[in-house]
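A.B. asks: Below is one structure. I have some questions about it.
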Amino acid sequence: FFFSSRRRHTRCREVSWARRWVQETAYNATDVQGCTNAITKEIISKLKEISTNFKYIVTCAIMQKCEGGLHVASTCFWSTSTDGNCALRWENETLYCIITVSYTHL
Amino acid sequence: CFFFSSRRRHTRCREVSWARRCVQETGVHGISKMNTFRLEPLETERFYPSKIKEIIKDEVERIMAKEKELEKLYKDDEAKRVAGEISEQVRNKITMLPRHKIVVQTVVGEKAGQGLRIASKSLWAHEFDNSATYSYETDKIYCVVIVFGYYYCLLYTSP
């Protein structure tokens, strides 16, 4: 229950581990669907190993690099002592990847 | 302490049971940690994606109707403000569901011929928890709102 501070650290570690899926790939409209599914699935299974006492939500957005801008905002209604979230932003030459993980205690 | 207030001793026969009154008196927006002896949310208090989607649609269209400049030309700080505003307004409308925790994510971006894919996976109780999405676009910008709602249940504990 009192893992809150530990959670942020472990979670960001798991999420940054998922970077390897996009390490050397260029943005490809056919592949990206499988890519996002695989990333979120792996993160969820790793989070489940850490603790089953939490509910998790993992969102992954992959965008092709172009001139356009992008903003991601999120709000929540939960208990700040037991719940939280973590966001990670990553890029390579052809794409941006934004991963957010929210966890709530049961 | 609520349980031993003097008012309680005076109540004898009531149509509504004492347990029910405890829940009613703490109110919908006050998070009541009292045991309601319910294993799942009531039918009227569930997170129904179709209903939530309509709420999101009304809010997004109301806010975007005010933002005429943004619809014509994407500007960085305006988009940031609008994304935050949409998230907050949508969340405020949905907190009427009691014993539910809400997460709202908004993505506002500029259309420049790029590809975009947003995916999400969750580990939750699929009978009570759900998500709703709505996307809005014009010639120059797009806006995607995702709302997750999960039932806040004290009975699920791991050994």
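In the order they appear, the protein sequences are chains X and P. Going letter by letter, the first sequence gives residues 3 to 108 in the working numbering. Going letter by letter, the second sequence gives residues 1345 to 1503 in the working numbering. Backbone N, C-alpha and C define an ideal beta-carbon position, used for all residues, glycine too. None of these values were measured; they are calculated from a predicted model.
Taking 7 angstroms as the cut-off, decide whether the C-beta atoms of residue 1423 (chain P) and residue 1452 (chain P) are in contact.
C.D. replies: Cβ distance < 7 angstroms, so residue 1423 (chain P) and residue 1452 (chain P) count as in contact.
A.B. asks: Report yes or no: do the stretch 28-47 of chain X and the stretch 1433-1448 of chain P share at least 3 C-beta pairs separated by less than 8 angstroms?
C.D. replies: No, the stretch 28-47 of chain X does not touch the stretch 1433-1448 of chain P.
A.B. asks: Decide yes or no for the touch test of the stretch 1437-1455 of chain P against the stretch 69-85 of chain X: beta carbon pairs closer than 8 angstroms, at least 3 of them.
C.D. replies: With the cut-off at 8 angstroms, the stretch 1437-1455 of chain P and the stretch 69-85 of chain X touch.
A.B. asks: Report the residues of the stretch 68-91 of chain X with a CB closer than 9 angstroms to any CB of chain P, ordered along the chain.
C.D. replies: Those would be 68, 69, 70, 71, 72, 73, 74, 75, 76, 77, 78, 79, 80, 81, 85 and 87, in chain order.
A.B. asks: Would you mind reading off the limits of the beta strand (DSSP E) that contains residue 1460 (chain P)?
C.D. replies: It spans 1460-1467 - the beta strand (DSSP E) in which residue 1460 (chain P) sits, taken as one unbroken run.
A.B. asks: For residue 88 (chain X), which of X:60, X:47 and X:50 has the nearest alpha-carbon?
C.D. replies: Here the closest residue by C-alpha is X:60.
A.B. asks: Listing by chain order, which chain X residues have their CB less than 8 angstroms from the CB of residue 1432 (chain P)?
C.D. replies: The answer, in chain order, is 77.
A.B. asks: Comparing alpha-carbon positions, which option in P:1491, P:1495 and P:1496 lies nearest residue 1396 (chain P)?
C.D. replies: For the residues P:1491, P:1495 and P:1496, the minimum Cα distance to residue 1396 (chain P) belongs to P:1491.
A.B. asks: Excluding the 5 residues preceding and the 5 following residue 1393 (chain P) in the sequence, name in chain order all residues of the same chain whose CB lies nearer than 8 angstroms to its CB.
C.D. replies: For residue 1393 (chain P), where only same-chain residues beyond five positions count, the Cβ hits under 8 angstroms are 1474, 1475 and 1476.
A.B. asks: With a cut-off of 7 angstroms, does the C-beta of residue 63 (chain X) fall near any C-beta of chain P?
C.D. replies: Yes, residue 63 (chain X) counts as interfacial toward chain P.
A.B. asks: Look up residue 1504 (chain P) in the DSSP assignment and say whether it is helix, strand or coil.
C.D. replies: Absent from the model: residue 1504 (chain P). The displayed extent of chain P is 1345 to 1503, so no value can be given.
A.B. asks: Alpha carbon to alpha carbon, how far is residue 1466 (chain P) from residue 1437 (chain P)?
C.D. replies: So the two alpha carbons sit approximately 23 angstroms from each other.
A.B. asks: Would a check of beta-carbon distances place residue 1460 (chain P) closer than 7 angstroms to chain X?
C.D. replies: So yes, residue 1460 (chain P) belongs to the interface.
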